[in-house]
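Chains as they are written, first to last, in my numbering: chain X, 9 to 397; chain P, 9 to 397.
Every residue, glycine too, gets a C-beta built ideally from N, C-alpha and C.
In this text the structure is predicted, and so the values were computed from the model without any measurement.
Number of protein chains: 2
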Amino acid sequence: MGKLRQFEKPTGFRDFPPSTAAKKRLVERRVQACFQRWGYREVLTPTLEYFDTVGAASAIPEYKMFKLIDREGKTLVLRPDLTAPIARMVSSVLKDDPLPIRLYYHASVFRAQDDSARTVEFFQSGVELVGDPSPEADAEVIALAAEALSACEISPFQLAVGHVELLDGLLREQVEDPQQVEQLKACLGARDVVGYKERVAQLNLTPEGKELLLRLPHLSGGKDRLESLRPQMRSRRVENAVRHLWEMWEALEDFGANRHVVLDLSLVGSLHYYTGVYFEGYALPSSFPLVSGGRYDRLLERFGRPAPATGFALKTDRLMEASPAADQEMERVALVYPRSARREAIRRAQELRKEGKAVILQVADDPDQRTEIDADRVVRWEEGEDGRK
Amino acid sequence: MGKLRQFEKPTGFRDFPPSTAAKKRLVERRVQACFQRWGYREVLTPTLEYFDTVGAASAIPEYKMFKLIDREGKTLVLRPDLTAPIARMVSSVLKDDPLPIRLYYHASVFRAQDDSARTVEFFQSGVELVGDPSPEADAEVIALAAEALSACEISPFQLAVGHVELLDGLLREQVEDPQQVEQLKACLGARDVVGYKERVAQLNLTPEGKELLLRLPHLSGGKDRLESLRPQMRSRRVENAVRHLWEMWEALEDFGANRHVVLDLSLVGSLHYYTGVYFEGYALPSSFPLVSGGRYDRLLERFGRPAPATGFALKTDRLMEASPAADQEMERVALVYPRSARREAIRRAQELRKEGKAVILQVADDPDQRTEIDADRVVRWEEGEDGRK
């Protein structure tokens, strides 16, 4: 191994200088204000988890996890997501708290990347609403995601909402072979509509079935799209999903959030643990998600406290880039003083700090010393002055 | 390996439920307000660093580090402290920023423990002031540490301030064998005054030298203690250190911080990279440090940008326990509504949120459903009501 350069940091890891760190704080503060107003409370989980518990329950594939072995020989992973650790927490530390429970977090997650240029430690802010199976709960997290994006001044943005059971159900009603269903979903997940249609064309289907599947990638819009499905529904599973989405849409109307939402019935969940409503949010015209989330009703049972759940994670790093928001920063004043004026300079600094300014005190033995100072305003005392200028 | 219980987390790692997470936020917010008013700016560094750079430069012994191997075969460590990463950052990302530079951080650090009951991931909030060799810089960080402890309502507290060069110089002026000097420092570091005195008694010293070394553990107080050393100073090193401490004390008087400070000339730096002033702060009568810090003038050169530096780290976990501070929390209101009153309930929630309240919306199809809700006030709609009660 060659000698490392002194300033090197591991591949895919980043330093945040003051300007970037301040933007991260801004985004986190704004989304946190939303989470708190909606009754969510912050929790923290460890950076390391057991592979056998959280690692195995996580939706992140094993090859993307950072692993290490502890002194007892157990395999640990750097937290690949927050949903599994919080599910663990709800089932242990918080096991006596009644459901539903509303939690939020700000944390970094770690995912090894094939492409060495990509970030491996990145930040998420998210919520988990555990214990509520209702369409209102799905509408709540979607409306809250919309409020969080608005709070970061993302405009315009759109939330695409699908339903993994509905998509799976519609495909299975027409296509018997589960492997073919998975292949169709893989095309949709990769947004390969051409490939999807080619595959559909090759399948042995009824004319109505073929027509439905070909229409699926274009079934996006408002709740009328659900109406158009009704004649084709054949299974209870699809019926239930359509009813759930319908109720959710009406709740979104009540939240006033439906104007940001487009139903996209061909949307494929990004993680395998989703069991119902799934959504992604974009700053238009980008198609890079700033947020993704949805319902995961089967995860909690893996930790011994079966409960329905829904939530989302904002991708903080992308949100920092997409957000034009800026806060009025504290004015930075530097007081440069000779030692003889120290007491006076410190007193003045204390006054200015009380007024809400950031004050840098800098002793300069040489009055002509012209140090460059990171401040909006530099006040220099001269020998013998009282500094009140 | 036995089957792990579903709720297990790795030894020494902790979950923070909402009450604990809120206390951590409180402490961080309050100390951060101090750091910002004094002109410090936040930075973030990666959770993982190269062992060969930051790991080797860190003052934390190698056996306490969590190591892993990356895909390129390089050894990574979980951040054992923040001072070395920030030194790396000042020498790389921030290399064009003029000195002095003032930075702060909130972050977790990782230290493997022999005792499995002890925490291995804990939190620190701290500052680094890079590029200022003056006694005023040392006084600034000590006064800022005092302001941070006050902001957390720690009362009374005391900051013990020593000087690693002064202690080493005084011992070496009397004791020729460097190994014996190290043994004496080990006794002082372990607060084993009896053992220290026994060792001193066995040394072959002049009567004045013996008297001085026996007096050393009791040399704590104000700047008069420095005065009492003057007749015994033999080396430039000791003279310079005494002059530096004297100036620093006068600056602390100007800050009005000297009332919290006791000079303790037998204080041994907790980490090997300290080169001058060293200090620790306690909530009296405890002797468990809530903060420690000092001058480290030789660390930056290891990253290619030689510069004097000083700073401190608050031990956030201990501070959370020691601080009696509590903030007025947002009132939590729960609105429990039947589906028929959804629109009205959501409208009411939006009004209450604008008024600064945290509002939990809960649909309850069964009006008699008496879910336990984590709220200060529960408002229940009855079927057909307008919810304005």
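Do you know whose CA, among 231(P), 179(P), 238(P), lies nearest residue 218(P)'s CA? The count along the second sequence starts at 1 and reaches residue 218(P) at position 210. Selected option, being the one with the closest Cα: 179(P).
Kindly indicate the opening and closing residues of the beta strand (DSSP E) around residue 390(P). Looking up residue 390(P) in the second sequence gives position 382. Looking at the DSSP string, residue 390(P) is not in any beta strand (DSSP E), and its letter there is neither H nor E.
Within 8 Å, strictly: CB atoms of residue 73(X) and residue 81(X): In the first sequence, the residue the question calls residue 73(X) occupies position 65. In the first sequence, the residue the question calls residue 81(X) occupies position 73. Not a contact, by the Cβ cut-off of 8 Å.
Would you say residue 292(P) and residue 327(P) are within 8 Å of each other, going by their C-beta atoms? What you label residue 292(P) is simply residue 284 of the second sequence in a count that begins at 1. What you label residue 327(P) is simply residue 319 of the second sequence in a count that begins at 1. No, the pair does not count as a contact, with Cβ atoms beyond the cut-off.
Can you tell me which of the three DSSP states residue 120(P) falls into? Residue mapping note: residue 120(P) aligns to position 112 of the second sequence, counting from 1. Reduced to three states, the DSSP call for residue 120(P) is coil.
Would residue 96(X) and residue 61(X) be called neighbours here (beta carbons separated by less than 8 Å)? Here residue 96(X) refers to the residue found at position 88 of the first sequence. Here residue 61(X) refers to the residue found at position 53 of the first sequence. In contact: residue 96(X) and residue 61(X) (Cβ atoms closer than 8 Å).
Counting beta carbon pairs with one atom in the stretch 233 to 247 of chain P and one in the stretch 175 to 190 of chain P, are three or more of them shorter than 8 Å? yes
Can you say whether residue 202(X) is buried or exposed, counting buried as having 16 or more other CB atoms within 10 angstroms of its CB? As a working note, residue 202(X) is residue 194 in the first sequence. Its Cβ having fewer than 16 others within 10 Å, residue 202(X) is exposed.
Using Cβ-Cβ distances below 7 Å, what residues of the stretch 272 to 284 of chain P are close to chain X? none
Report yes or no: do the stretch 99 to 118 of chain P and the stretch 127 to 135 of chain P share at least 3 C-beta pairs separated by less than 8 Å? yes
Please confirm if residue 231(P) has its CB atom under 8 Å from at least one CB of chain X. To locate residue 231(P), count along the second sequence from 1; it is residue 223. Not one chain X Cβ lies under 8 Å of residue 231(P).
The alpha helix (DSSP H) enclosing residue 154(P), as first and last residue numbers: As a first step, residue 154(P) is located in the second sequence; it is residue number 146 there, counting from the start. Residues 143 to 159.
In chain order, each beta strand (DSSP E) run of at least 3 residues that lies wholly inside the stretch 276 to 348 of chain X: 285 to 291, 299 to 303, 317 to 323, 340 to 345
Check whether the Cβ atoms of residue 88(X) and residue 68(X) lie closer than 8 Å to each other. By 1-based counting over the first sequence, the position of residue 88(X) is 80. By 1-based counting over the first sequence, the position of residue 68(X) is 60. Their beta carbons are under 8 Å apart, which means residue 88(X) touches residue 68(X) by this criterion.
Between the C-alpha atoms of residue 320(P) and residue 66(P), what's the straight-line distance to the nearest angstrom? Numbered from 1 along the second sequence, position 312 holds the residue referred to as residue 320(P). Numbered from 1 along the second sequence, position 58 holds the residue referred to as residue 66(P). Distance between the alpha carbons of residue 320(P) and residue 66(P) is about 15 Å.
Using CA atoms only, rank isn't needed, just tell me which of 344(P), 313(P), 117(P), 86(P) is closest to residue 104(P). Position 96 of the second sequence, counted from the start, is the residue given in the question as residue 104(P). It is 313(P) whose Cα lies nearest to the Cα of residue 104(P).
Hey, residue 253(P) and residue 234(P): beta-carbon distance below 8 Å or not? Counting from 1 along the second sequence, the entry for residue 253(P) is found at position 245. Counting from 1 along the second sequence, the entry for residue 234(P) is found at position 226. Yes, the Cβ-Cβ distance between residue 253(P) and residue 234(P) is below 8 Å.
Label residue 209(P) either buried or exposed according to how many other C-beta atoms from any shown protein chain fall within 10 Å of its C-beta, with 16 as the threshold for buried. Sequence index remark: in the second sequence, residue 209(P) carries index 201 (1-based). Looking at its Cβ environment, which holds fewer than 16 other Cβ atoms inside 10 Å, residue 209(P) is exposed.
In three-state terms, what does DSSP make of residue 86(P)? If you number the second sequence from 1, residue 86(P) lands on position 78. Strand.
From 344(X), 232(X), 316(X), 269(X), pick the residue whose C-alpha is nearest to that of residue 167(X); which is it? Position 159 of the first sequence, counted from the first residue, corresponds to residue 167(X). The option with the nearest alpha carbon to residue 167(X) is 269(X).
Close beta carbons around residue 197(X), own chain, < 7 Å, minus the five adjacent residues each side: Indexing the first sequence from 1 puts residue 197(X) at position 189. Hits under 7 Å: 276.
Residues that residue 237(P) bridges to, as DSSP identifies them: Counted from its first residue, the second sequence places residue 237(P) at position 229. According to DSSP, which records beta bridges pairwise, residue 237(P) is partnered with nothing at all.
So if DSSP puts residue 366(X) in a beta bridge, which residue, or which two residues, is it bridged to? Residue numbering aside, residue 366(X) sits at position 358 when the first sequence is read from its first letter. Residue 366(X) pairs with 340(X).
List, in order along the chain, the chain P residues whose C-beta lies closer than 8 Å to that of residue 78(X)? Sequence index remark: in the first sequence, residue 78(X) carries index 70 (1-based). Within chain P, the residues near residue 78(X) are 18, 19.
Would you say residue 395(X) reaches chain P, if we count a Cβ-Cβ gap shorter than 8 Å as a contact? In the first sequence, residue 395(X) corresponds to position 387, counting from 1. Per-residue confidence for residue 395(X) stands at a pLDDT of 47, beneath the threshold of 50, marking its modelled position as unreliable; the derived number appears in the next sentence. It does not: the Cβ of residue 395(X) has no partner Cβ on chain P nearer than 8 Å.
What three-state label does DSSP hand residue 272(P) in the structure shown? Position 264 of the second sequence, counted from the first residue, corresponds to residue 272(P). Residue state, collapsed to three classes: strand.
With 8 Å set as the bound, which would you pick, yes or no: does the beta-carbon of residue 33(X) sit closer than that to a beta-carbon of chain P? Residue 33(X) sits at position 25 when you count from the first residue of the first sequence. It does; some Cβ of chain P falls within 8 Å.
Listing by chain order, which chain X residues have their CB less than 8 Å from the CB of residue 54(P)? The count along the second sequence starts at 1 and reaches residue 54(P) at position 46. Residues of chain X passing the Cβ test: 17, 18, 21, 22, 23, 129.
Within 10 angstroms of its Cβ, does residue 171(X) collect 16 or more other Cβ (buried), or is it exposed? Sequence index remark: in the first sequence, residue 171(X) carries index 163 (1-based). Looking at its Cβ environment, which holds 16 or more other Cβ atoms inside 10 Å, residue 171(X) is buried.
So if I threshold CB-CB distances at 9 Å, which residues from the stretch 195 to 216 of chain X count as touching chain P? none
Quick one: grab the DSSP three-state call for residue 264(P). Residue 264(P) sits at position 256 when you count from the first residue of the second sequence. Here residue 264(P) sits in coil by DSSP.
Locate the beta strand (DSSP E) running through residue 168(X), then write down its first and last residues. By one-based count along the first sequence, residue 168(X) stands at place 160. Per DSSP, residue 168(X) belongs to the beta strand (DSSP E) from 165 to 171.
Buried or exposed for residue 364(X), please, with buried defined as at least 16 other CB atoms from any protein chain shown within 10 angstroms of its CB. Here residue 364(X) is taken as the residue at index 356 of the first sequence, counted from 1. With fewer than 16 other Cβ atoms within 10 Å, it is exposed.
Proximity winner among 182(X), 229(X), 190(X), relative to residue 215(X) (alpha-carbon distances): The sequence position of residue 215(X) within the first sequence is 207, counting from 1. Checking every option, the nearest Cα to that of residue 215(X) belongs to 182(X).
May I ask you to report which of helix, strand or coil DSSP gives residue 138(X)? Numbered from 1 along the first sequence, position 130 holds the residue referred to as residue 138(X). Three-state DSSP puts residue 138(X) in a strand.
Who are the Cβ neighbours of residue 347(X) in its own chain at under 8 Å, not counting the five residues just before and after it? Against the first sequence, residue 347(X) aligns to sequence position 339. If we look at residue 347(X) and ignore the five residues flanking it on each side, its Cβ neighbours are 371, 373.
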